[in-house]
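To start, the structure itself, in structure tokens.
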Amino acid sequence: MDQQSATLTEAPRLQESRRKVYAPLFVAVAAALAAVVMFNPVEGPGGGLLAKAAAQQPRSGGTDGDETGGRVSAAEQRKDMIAQLRAMNSRLERMEALMAKGLTVRVSEMPQIRFPSEGK
37 MDQQSATLTE
47 APRLQESRRK
57 VYAPLFVAVA
67 AALAAVVMFN
77 PVEGPGGGLL
87 AKAAAQQPRS
97 GGTDGDETGG
107 RVSAAEQRKD
117 MIAQLRAMNS
127 RLERMEALMA
137 KGLTVRVSEM
147 PQIRFPSEGK
């Protein structure tokens, strides 16, 4: 057997041994990164996902006088959403009315327009 054929037969074994060595290392690095992302208590850019999720959870036993422990009923949420949609609709109607009348635009400063050269 010459040296080239010996190298070709050893290549799969070498790749398999590297895979056995590096696979647990990659899993450990991925697990460490996931732990940092999930359990980082710092707020702001890159803050922890669990801290953000906990901040979004409604607290029970609220002091707003609601019998449900500080939680808003689905009917109340729907009523609020409908009121917000109506407000948005009225604003949109006002904008449409302004645009239907026509807008006057005055350009106070215009940059110089450069046309591409025709020699291309």
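Residue 37 is where the sequence shown starts when you use my numbering, and the numbers rise one by one after that. Backbone N, C-alpha and C define an ideal beta-carbon position, used for all residues, glycine too. Keep in mind it's a predicted model, so treat the numbers as computed, not measured.
Subject >> For P48, the three-state DSSP class (helix, strand or coil) >> reply: One-based indexing of the sequence shown puts residue 48 at position 12. Per DSSP, reduced to three states, the secondary structure at P48 is helical.
Original post:
Is F151 helix, strand or coil when you go by DSSP?
Top reply: Reading the sequence shown from its first residue, position 115 is the one you call residue 151. Here F151 sits in coil by DSSP.
Original post:
Taking the continuous alpha helix (DSSP H) assigned at L121, which residues delimit it?
Top reply: As a position in the sequence shown, residue 121 is number 85, starting the count at 1. Its alpha helix (DSSP H) spans residues A110 to K137.
Original post:
Under the three-state reduction of DSSP, which class applies to R54: helix, strand or coil?
Top reply: As a working mapping, residue 54 is identified with position 18 in the sequence shown. Looking at R54 - three-state DSSP - the assignment turns out to be helix.
**OP:** Kindly indicate which three-state DSSP category K146 falls into: helix, strand or coil?
**Re:** Numbered from its first residue, the sequence shown carries residue 146 at position 110. Residue identity differs from the one stated: residue 146 is Met in this sequence, not Lys. In the structure shown, the three-state DSSP call for M146 is coil.
Original post:
For V141, does the three-state DSSP call read helix, strand or coil?
Top reply: For the purposes of this step, residue 141 is taken as the residue at position 105 of the sequence shown. Reduced to three states, the DSSP call for V141 is coil.
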